[in-house]
Amino acid sequence: QQPVQSPQAVILREGEDAVINCSSSKALYSVHWYRQKHGEAPVFLMILLKGGEQKGHEKISASFNEKKQQSSLYLTASQLSYSGTYFCGTESGSGGSNYKLTFGKGTLLTVNP
Amino acid sequence: NAGVMQNPRHLVRRRGQEARLRCSPMKGHSHVYWYRQLPEEGLKFMVYLQKENIIDESGMPKERFSAEFPKEGPSILRIQQVVRGDSAAYFCASSPTPVRTQYFGPGTRLLVL
Chain F
1 QQPVQSPQAV ILREGEDAVI NCSSSKALYS VHWYRQKHGE APVFLMILLK GGEQKGHEKI
61 SASFNEKKQQ SSLYLTASQL SYSGTYFCGT ESGSGGSNYK LTFGKGTLLT VNP
Chain U
1001 NAGVMQNPRH LVRRRGQEAR LRCSPMKGHS HVYWYRQLPE EGLKFMVYLQ KENIIDESGM
1061 PKERFSAEFP KEGPSILRIQ QVVRGDSAAY FCASSPTPVR TQYFGPGTRL LVL
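Shown next, in the form of structure tokens:
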């Protein structure tokens, strides 16, 4: 079952914050976040494993609530380079087999000057 | 360290022809995954291969599609007798083990006329 991402699209001004959500109807073992710019390969941002761990990378961080089967990606003080489509990929089950990622439809983020 | 390589980047075929898509994983990665992406959609898992073995092809159409990852050379996704509905971007990803992050190539955009 495909995870549901929200919002579908968001427009920001440089410096503003955004939150992108990813919800699944299945119990999750891990959540993977990628950013894809038009015509390019998806670029790995971070992976969150079962345990509610929050991870961060500069001004981009994420949380994973396994009970709610949700993950959120937080972008703070957005930069023009953050523009792109953000995908969450989920791994269900007991883990150890994350080859089978199921991706959401993506959230299009546009950062304007 | 070169990333995942895919070629061709763009491929145009007429209905009924064959399409061959190639993927060279990152150095040291022996696990390859193929995904298909339709416009405005997320990535959909097709097949997971290790060297000379197909591990999981549950996402691949039963007919006309096949994949291989020979001992030497790139992984090949082959689509026989292409139809217009096969038009999509095909991405491959690789990882050093099946439980590590997947790194994506730039994709092959297939257009069937």
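From first to last, the protein sequence lines stand for chains F and U. For the first sequence, counting from 1, position 70 maps to 70 in this note's numbering; every step adds exactly one. For this note's numbering, count along the second sequence from 1 and bump the result up by 1000. Ideal Cβ positions, reconstructed from N, Cα and C, are used throughout, including at glycine.
- Could you work out which residues of chain F lie near residue 1101 of chain U, taking near to mean beta carbons separated by less than 8 Å? Residue numbering aside, residue 1101 of chain U sits at position 101 when the second sequence is read from its first letter. Per Cβ cutoff of 8 Å: 32, 44, 47.
- Message: According to DSSP, residue 1076 of chain U sits in a beta bridge with which residue or residues?
- Response: The residue labelled residue 1076 of chain U in the question sits at position 76 within the second sequence. Answer is U/1022, U/1068, bridged to residue 1076 of chain U.
- Can you check whether the CB of residue 1093 of chain U is closer than 8 Å to the CB of residue 1104 of chain U? Indexing the second sequence from 1 puts residue 1104 of chain U at position 104. Indexing the second sequence from 1 puts residue 1093 of chain U at position 93. Taking 8 Å as the Cβ cut-off, residue 1104 of chain U and residue 1093 of chain U qualify as a contacting pair.
- Message: Helix, strand or coil, according to DSSP, for residue 1087 of chain U in the structure here?
- Response: Sequence index remark: in the second sequence, residue 1087 of chain U carries index 87 (1-based). Coil.
- Any C-beta of chain U sitting closer than 8 Å to the C-beta of residue 84 of chain F? Within the first sequence, the letter at position 84 stands for residue 84 of chain F. Closer than 8 Å: no.
- Message: Starting from residue 1036 of chain U, trace the beta strand (DSSP E) in both directions and tell me its first and last residue.
- Response: In the second sequence, counting from the first residue as 1, residue 1036 of chain U sits at position 36. Its beta strand (DSSP E) spans residues 1031–1037.
- Do residue 15 of chain F and residue 77 of chain F have their CB atoms nearer than 8 Å? Residue mapping note: residue 15 of chain F aligns to position 15 of the first sequence, counting from 1. Residue mapping note: residue 77 of chain F aligns to position 77 of the first sequence, counting from 1. Taking 8 Å as the Cβ cut-off, residue 15 of chain F and residue 77 of chain F qualify as a contacting pair.
- Message: Can you check which of these residues, U/1014, U/1031, U/1106, is closest to residue 1083 of chain U by C-alpha distance?
- Response: Looking up residue 1083 of chain U in the second sequence gives position 83. Of the candidates U/1014, U/1031, U/1106, the one whose C-alpha sits nearest the C-alpha of residue 1083 of chain U is U/1014.
- Query: Near residue 1078 of chain U, which residues of its chain fall below 6 Å by C-beta distance, leaving aside the five closest residues on each side in sequence?
  - Reply: Stepping through the second sequence from its first residue, residue 1078 of chain U is reached at position 78. Its chain contains 1020, 1066 as the residues whose beta carbon lies nearer than 6 Å to that of residue 1078 of chain U, once the 5 sequence neighbours on both sides are disregarded; these appear in chain order.
- Item | Members of the region 1022–1051 of chain U that neighbour chain F once the beta carbon cut-off is set at 9 Å | If you check each beta-carbon in the region 1022–1051 of chain U against every beta-carbon of chain F, the ones closer than 9 Å belong to 1031, 1033, 1035, 1037, 1040, 1041, 1042, 1043, 1044, 1045, 1048.
- On a CA-only basis, which of U/1042, U/1064, U/1058 is nearest residue 1016 of chain U? Give me that one, please. By 1-based counting over the second sequence, the position of residue 1016 of chain U is 16. The candidate whose alpha carbon is nearest that of residue 1016 of chain U is U/1064.
- Query: Interface residues of chain F around residue 1106 of chain U at Cβ under 8 Å?
  - Reply: To locate residue 1106 of chain U, count along the second sequence from 1; it is residue 106. In chain order: 40, 41.
- Query: Taking Cβ-Cβ distances shorter than 9 Å, what residues in chain F pair up with residue 1065 of chain U?
  - Reply: Here residue 1065 of chain U corresponds to residue number 65 of the second sequence, with the count starting at 1. In chain order: nothing, as chain F lies at least about 17 Å away.
- Message: At the level of alpha carbons, what is the spacing between residue 65 of chain F and residue 1006 of chain U?
- Response: As a working mapping, residue 65 of chain F is identified with position 65 in the first sequence. As a working mapping, residue 1006 of chain U is identified with position 6 in the second sequence. Going by the C-alpha atoms only, they are around 35 Å apart.
- Continuous beta strand (DSSP E) stretch holding residue 110 of chain F: start and end: Reading the first sequence from its first residue, position 110 is the one you call residue 110 of chain F. From DSSP, the beta strand (DSSP E) with residue 110 of chain F extends over 107–112.
- Message: Between which two residues does the beta strand (DSSP E) holding residue 4 of chain F run?
- Response: Here residue 4 of chain F corresponds to residue number 4 of the first sequence, with the count starting at 1. Per DSSP, the continuous beta strand (DSSP E) segment holding residue 4 of chain F begins and ends at 4–6.
- Message: Assuming contact is defined by CB atoms lying nearer than 8 Å, are residue 90 of chain F and residue 31 of chain F in contact in what I supplied?
- Response: In the first sequence, residue 90 of chain F corresponds to position 90, counting from 1. In the first sequence, residue 31 of chain F corresponds to position 31, counting from 1. Yes, they are a contact pair.
- Message: Assuming contact is defined by CB atoms lying nearer than 8 Å, are residue 1047 of chain U and residue 1028 of chain U in contact in what I supplied?
- Response: As a working mapping, residue 1047 of chain U is identified with position 47 in the second sequence. As a working mapping, residue 1028 of chain U is identified with position 28 in the second sequence. No, Cβ-Cβ distance for residue 1047 of chain U and residue 1028 of chain U is not below 8 Å.
- Buried or exposed: residue 11 of chain F, going by 16 or more other Cβ atoms within 10 Å of its Cβ? On the first sequence, residue 11 of chain F is found 11 positions in, with the first residue counted as 1. By the neighbour-count rule (16 or more Cβ atoms within 10 Å), residue 11 of chain F is not buried but exposed.
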